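Those sequence lines, one after another, are chains R and A.
Note that full-length UniProt numbering has the first sequence beginning at 1, numbered continuously upward.
Note that full-length UniProt numbering has the second sequence beginning at 1, numbered continuously upward.
Quick reminder that beta carbons are idealized off the backbone N, C-alpha and C, glycines included.
The structure presented is a predicted model; accordingly, all values stated were derived computationally and were not measured.
Protein chains: 2
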Amino acid sequence: MSESKNKQMHLGAFLFQVGHHIAAWRYPETDTSGLLSHEFYERFAQTAERGKFDMIFLADTLAVVNRAGTGIKHTVTVRPEPITLLSYLSGVTEKIGLAATVSTTYNEPYNLAREFSTLDHLSGGRAAWNVVTSGRDDEARNFSHAKHPEHEQRYERAREFVDVASALWDSWEDEAIAGDKVSGDFADPFKVHEIHHRGAHFAVRGPLNLPRSPQGRPVVIQAGASSTGQHLAAETAEVVFTAWQTIEEAKHFYNSVKSLAVQYGRSPDDIKIMPGIFPVIGATEEEAREKEALLQQLVVPEVGLSMLTASLGVDLSGYPLDGPLPELPDVEQINGGKSRFQLVADMARREGLTIRQLMYRVTGARGHRTIYGTPVQIADQLEQWFVEGACDGFNIMPPYLPGGLEEFVDLVIPELQRRGLFRTEYRGSTLRDHLGLARPLSRYRSGYEASTIIH
Amino acid sequence: MSESKNKQMHLGAFLFQVGHHIAAWRYPETDTSGLLSHEFYERFAQTAERGKFDMIFLADTLAVVNRAGTGIKHTVTVRPEPITLLSYLSGVTEKIGLAATVSTTYNEPYNLAREFSTLDHLSGGRAAWNVVTSGRDDEARNFSHAKHPEHEQRYERAREFVDVASALWDSWEDEAIAGDKVSGDFADPFKVHEIHHRGAHFAVRGPLNLPRSPQGRPVVIQAGASSTGQHLAAETAEVVFTAWQTIEEAKHFYNSVKSLAVQYGRSPDDIKIMPGIFPVIGATEEEAREKEALLQQLVVPEVGLSMLTASLGVDLSGYPLDGPLPELPDVEQINGGKSRFQLVADMARREGLTIRQLMYRVTGARGHRTIYGTPVQIADQLEQWFVEGACDGFNIMPPYLPGGLEEFVDLVIPELQRRGLFRTEYRGSTLRDHLGLARPLSRYRSGYEASTIIH
Numbered sequence: 001m002s003e004s005k006n007k008q009m010h011l012g013a014f015l016f017q018v019g020h021h022i023a024a025w026r027y028p029e030t031d032t033s034g035l036l037s038h039e040f041y042e043r044f045a046q047t048a049e050r051g052k053f054d055m056i057f058l059a060d061t062l063a064v065v066n067r068a069g070t071g072i073k074h075t076v077t078v079r080p081e082p083i084t085l086l087s088y089l090s091g092v093t094e095k096i097g098l099a100a101t102v103s104t105t106y107n108e109p110y111n112l113a114r115e116f117s118t119l120d121h122l123s124g125g126r127a128a129w130n131v132v133t134s135g136r137d138d139e140a141r142n143f144s145h146a147k148h149p150e151h152e153q154r155y156e157r158a159r160e161f162v163d164v165a166s167a168l169w170d171s172w173e174d175e176a177i178a179g180d181k182v183s184g185d186f187a188d189p190f191k192v193h194e195i196h197h198r199g200a201h202f203a204v205r206g207p208l209n210l211p212r213s214p215q216g217r218p219v220v221i222q223a224g225a226s227s228t229g230q231h232l233a234a235e236t237a238e239v240v241f242t243a244w245q246t247i248e249e250a251k252h253f254y255n256s257v258k259s260l261a262v263q264y265g266r267s268p269d270d271i272k273i274m275p276g277i278f279p280v281i282g283a284t285e286e287e288a289r290e291k292e293a294l295l296q297q298l299v300v301p302e303v304g305l306s307m308l309t310a311s312l313g314v315d316l317s318g319y320p321l322d323g324p325l326p327e328l329p330d331v332e333q334i335n336g337g338k339s340r341f342q343l344v345a346d347m348a349r350r351e352g353l354t355i356r357q358l359m360y361r362v363t364g365a366r367g368h369r370t371i372y373g374t375p376v377q378i379a380d381q382l383e384q385w386f387v388e389g390a391c392d393g394f395n396i397m398p399p400y401l402p403g404g405l406e407e408f409v410d411l412v413i414p415e416l417q418r419r420g421l422f423r424t425e426y427r428g429s430t431l432r433d434h435l436g437l438a439r440p441l442s443r444y445r446s447g448y449e450a451s452t453i454i455h
Numbered sequence: 001m002s003e004s005k006n007k008q009m010h011l012g013a014f015l016f017q018v019g020h021h022i023a024a025w026r027y028p029e030t031d032t033s034g035l036l037s038h039e040f041y042e043r044f045a046q047t048a049e050r051g052k053f054d055m056i057f058l059a060d061t062l063a064v065v066n067r068a069g070t071g072i073k074h075t076v077t078v079r080p081e082p083i084t085l086l087s088y089l090s091g092v093t094e095k096i097g098l099a100a101t102v103s104t105t106y107n108e109p110y111n112l113a114r115e116f117s118t119l120d121h122l123s124g125g126r127a128a129w130n131v132v133t134s135g136r137d138d139e140a141r142n143f144s145h146a147k148h149p150e151h152e153q154r155y156e157r158a159r160e161f162v163d164v165a166s167a168l169w170d171s172w173e174d175e176a177i178a179g180d181k182v183s184g185d186f187a188d189p190f191k192v193h194e195i196h197h198r199g200a201h202f203a204v205r206g207p208l209n210l211p212r213s214p215q216g217r218p219v220v221i222q223a224g225a226s227s228t229g230q231h232l233a234a235e236t237a238e239v240v241f242t243a244w245q246t247i248e249e250a251k252h253f254y255n256s257v258k259s260l261a262v263q264y265g266r267s268p269d270d271i272k273i274m275p276g277i278f279p280v281i282g283a284t285e286e287e288a289r290e291k292e293a294l295l296q297q298l299v300v301p302e303v304g305l306s307m308l309t310a311s312l313g314v315d316l317s318g319y320p321l322d323g324p325l326p327e328l329p330d331v332e333q334i335n336g337g338k339s340r341f342q343l344v345a346d347m348a349r350r351e352g353l354t355i356r357q358l359m360y361r362v363t364g365a366r367g368h369r370t371i372y373g374t375p376v377q378i379a380d381q382l383e384q385w386f387v388e389g390a391c392d393g394f395n396i397m398p399p400y401l402p403g404g405l406e407e408f409v410d411l412v413i414p415e416l417q418r419r420g421l422f423r424t425e426y427r428g429s430t431l432r433d434h435l436g437l438a439r440p441l442s443r444y445r446s447g448y449e450a451s452t453i454i455h
């Protein structure tokens, strides 16, 4: 089991409730009482760290999603606040990266910059921020908005938000603290900078009330496959979380984002592209299929249909479950989750799926790629995408927890390690070390090139 | 050392940077390198828990305070984000309460309610929220406001904010989760409530995306001794953090707030009043005085003068340090820190202090009461205020850290325990247990009396 000098894949362990499948909580092995206890989350994080994952990755939604009145009754609508949870988990792990999804639409950059800086300090450089703009009217209504803001406006705010947060993280140069008890000089005021940001959405003076953190800035992750989303990612993201069904589409996206990054003056290696993968693992391929069939049986039909309706923006009640989809709206009419819409619509078109078949895709992998099989078959499929240039790694979405992650760590990771595709030990101590990302210089650092200053 | 059946005092360990004294970081024993490492905070929290404190209590400011251009150079302007820090600390402690200061002026109720609910769940019922409205233009400028909002407007928003957050914490009734795998019923939709709040400052639909937490709601703490502040406290607070120099003033305030609470339909025992205390402990009284003299010597004079200027709203440059204060403005002209202004002005008047003497009061206890002496003398002074009905306990503000807290825990706490004034073991597991506060019923609970519903 010698570790190869080859390029290594990067892996994130995606934490979504008690598993990625909408019926995960009904799966026999799942212990739902854990959902509100720290032990459940601790076990998840420590299992991922045992597997040498680059990071754990927390999804988020700023509302109870009660689709068609079935969500509260039949699904797990519980969502601990991600930074609060990760901060707790930083104390029970040592090396693994800690990524939290936080919305730019319903937060203030000064608060967010402090939270992530605090997490990066406490964890010794393991914080990452998954930048999202939120996508639901449900969320808007919890934040004094009648409707969710439009796509372009959200992205404009997001770009400005990331810029302000980055400036705040840079506002103390790395050498700003003197700590000289004799002279009484705690910090060098010439190395602590007001940022004087004035934009369309924010006016922030700064500086942040925290010194620069171990990683300089937390790692910035983004999703969003729309054209606007791709540009924002190419300009500012260090990890791109994405979803593709076919290797051709994934390769196309990979090359497109990497080329765009070069246009923004960055190296292709400065961005790691990690699609989501929903692995259903069995001792045999047959066993894996049976496992998925069991999960599908546990889906309450109204729930499945309401999820599909939400993805497609079309009321499907009245259509036969085993018949084809009706005509779909144009993607331009979708506000929030444009990429999800496109994915699901393409999947239906490409594979000629019935409503029921499509429903099971949405309730399980939620638009991400499902792979089935033995640990060797799973490793084969990950290897193919990785070596053929469709991605730099994967976000692993276990169907149910904790079992789904434990199987991956105990059975698939060793197979990837044997093939020299994945680390057997952490080499560094920060998430940037794991991902092979450089620690950014402060934009305020004397001698830092003006051309690379963002604002 | 038998524990008495007498009423017990409540103690909070106040965490302000590396100690409450502005020059704490220059104190020989203080290790400033710890300021950004989790070990420093862990030691603080574990020491307080060893001393059986009710809670640790984190101060906060949403800006770097660079008074007269001296703050960054000569003082510790570093402030980790309190909830992120407490969440980490919940994992390295078992019983002690965890109180965070968070502003209602620069946050959204839905975000705040989630963060505290998550902390309360992860910690097994140990979260408390110190509600503040923030007091500085420095803070406003980090949140896209040119100026800090006026006092009455901030309190109006604060009252509404607390009401929205409380409704969100109540939005899942205690028995809402069914978790029935067989029927597929995860939760009872009739026990999960939209809150439909519409007020002058917020419109929030809810429900929260977290079930009711172990304490029902986190403990609500408030400061603010203005008339508006007292009313808000009497109506909504469970702990009042306050500052008094004399036992007469403290008794007056104690009786006033408890009577107001009764007017709001509450019991006097539903509110615990805990003034701040700055204890300087020595083997002899002489040694304690020398310790304070050393700390005062370490104050950079421009820093001391700028702090006094900020408290009083008067430019003191040009006045002789060893002369009297000039005429002061009326309290009505002060926006933010009205109580601090009144305290400092009264102190100067009552004791006829020079500018320098007053400056040392502000740089040390920051308006709170300083007590000096041997452990026995310290215990005597705490006992007097407690038994004479001036308070229900104290927030202890160690001059420097970690030493100042360790001395209190090792020398003063045993003396209080010997006198039967303080617990020798935690009896319960939640902060409400420690404080003797009832767990509130959900306002949405069937059968809950309409007259006690706040909104």
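Checklist entry - Quick one: is R:Asn107 buried, meaning 16 or more other Cβ sit within 10 Å of its Cβ, or exposed? => result buried
Next on the checklist: Along the chain, where does the alpha helix (DSSP H) containing R:Tyr110 start, and where does it finish?
Outcome noted: Pro109 to Ser123
Checklist entry - When the Cα atoms are used, what is the spatial distance from R:Leu208 to R:His74? => result 43 Å
Checklist entry - For A:Val131, is the classification buried or exposed, using 16 other Cβ atoms within 10 angstroms of its Cβ as the cut-off for buried? => result buried
Checklist entry - Where in the region 317-394 of chain A do unbroken runs of the beta strand (DSSP E), each at least 3 residues long, occur, reported from the N-terminal end onward? => result 369-373
Next on the checklist: Just to make sure I have the definition right: I need the residues of chain A whose C-beta is within less than 7 Å of the C-beta of R:Asn142. Which are they?
Outcome noted: Tyr110, Val204, Arg205 and Gly206
Next on the checklist: Using only the alpha-carbon positions, how far apart do R:Arg154 and R:Ala390 sit?
Outcome noted: Cα-Cα distance, rounded: 29 Å.
Next on the checklist: Which of the three DSSP states is assigned to A:Ala225 in this structure?
Outcome noted: In the displayed model, A:Ala225 falls within coil according to three-state DSSP, outside both helix and strand.
Next on the checklist: Tell me which residues share the same chain as A:Ser442 and place their Cβ nearer than 6 Å to its Cβ, disregarding the 5 neighbours each side in the sequence.
Outcome noted: Asp170 and Glu173
Checklist entry - Would the beta-carbon of A:Met9 fall within 8 Å of that of A:Leu421? => result yes
Item to check | R:Leu11 - DSSP class collapsed to helix/strand/coil | outcome: strand
Checklist entry - The alpha helix (DSSP H) with A:Val182 in it runs from where to where? => result First-last for A:Val182: undefined, no H or E at that position.
Checklist entry - Using Cβ-Cβ distances below 7 Å, what residues of the region 207-225 of chain R are close to chain A? => result Pro207, Asn209, Leu210 and Pro211
Item to check | Nearest residue (CA-CA) to A:Val64, options R:Asp137, R:Leu210 and R:Glu29 | outcome: A:Val64 has its Cα closest to that of R:Leu210, out of R:Asp137, R:Leu210 and R:Glu29.
Next on the checklist: In whole angstroms, give me the CA-to-CA distance for R:Tyr88 and A:Leu122.
Outcome noted: 8 Å
Checklist entry - According to DSSP, is R:Gly51 helix, strand or coil? => result coil
Next on the checklist: DSSP has R:Ile22 in a bridge; who is on the other side?
Outcome noted: In DSSP, R:Ile22 forms no bridge with anything.
Checklist entry - Where do the N-terminal and C-terminal ends of the alpha helix (DSSP H) with R:Tyr162 fall, by residue? => result In the sequence on display, residue 162 of chain R carries Val and not Tyr. Start and end: His151 to Asp170.
Item to check | Buried or exposed by the 16-neighbour rule on C-beta atoms within 10 Å, applied to A:Gln245 | outcome: buried
Checklist entry - Once you ignore the five residues that flank A:Ile375 on each side, which residues in its own chain have a CB closer than 6 Å to its CB? => result Note on identity: in this sequence residue 375 of chain A is Pro, with Ile being the wrong assignment. So the qualifying residues of the chain are Leu411, Val412 and Glu415.
Checklist entry - Using a C-beta cutoff of 8 Å, does R:Trp129 count as contacting chain A? => result no
Item to check | C-beta neighbour in chain R for A:Glu81, strict 8 Å | outcome: Cβ-Cβ to chain R under 8 Å: yes for A:Glu81.
Next on the checklist: Short of 6 Å in beta carbon distance, which residues of its chain neighbour R:Phe386, apart from the five on each side in sequence? Order them along the chain.
Outcome noted: Once the five neighbours on either side are set aside, the close Cβ partners of R:Phe386 are Met9.
Item to check | the region 294-311 of chain R / the region 363-382 of chain R touching (three or more Cβ pairs under 8 Å) | outcome: yes
Next on the checklist: Buried or exposed, going by whether 16 or more other CB atoms sit within 10 Å of the CB of A:Lys147?
Outcome noted: exposed
Checklist entry - By DSSP, does R:His455 sit in helix, in strand, or in coil? => result Confidence is the limiting factor: at R:His455 the pLDDT is only 33, short of 50, which leaves the residue's position unreliable, though a coordinate-based value still follows. In the structure shown, R:His455 sits in coil (DSSP, three-state: anything other than H, G, I, E or B).
Item to check | Chain-ordered neighbours of A:Trp25 on chain R, where CB pairs are closer than 8 Å | outcome: Gly179, Lys181 and Phe186
Item to check | Test item: CB-CB of R:Phe14 and R:Phe57 under 8 Å | outcome: yes
Item to check | Backbone CA spacing between A:Phe53 and A:Lys272 [nearest angstrom] | outcome: 15 Å
Next on the checklist: Taking CB distances under 8 Å as the criterion, tell me whether A:Pro301 reaches chain R.
Outcome noted: no
Next on the checklist: Output needed in chain order: residues of the region 46-75 of chain R with a Cβ under 8 Å from some Cβ in chain A.
Outcome noted: Thr61, Leu62, Ala63, Val64, Asn66, Gly69, Ile72, Lys73, His74 and Thr75
Checklist entry - Distance, Cα to Cα, A:Arg50 vs A:Pro80? => result 23 Å
Checklist entry - If you check the beta carbons only, do R:Ala158 and R:Leu232 fall under 8 Å apart? => result In this structure, R:Ala158 sits near R:Leu232, with a CB-CB distance shorter than 8 Å.
Checklist entry - Can you tell me whether DSSP reads A:Val44 as helix, strand or coil? => result According to the sequence displayed, residue 44 of chain A carries Phe and not Val. A:Phe44: helix per DSSP, three-state reduction.
Checklist entry - So which residues of chain R does A:Val132 contact, with C-beta pairs closer than 8 Å? => result Those do not exist, as A:Val132 stays about 14 Å from chain R at its closest Cβ, beyond 8 Å.
Checklist entry - Is it true that the CB of A:Gly224 sits closer than 8 Å to the CB of A:Ser317? => result no
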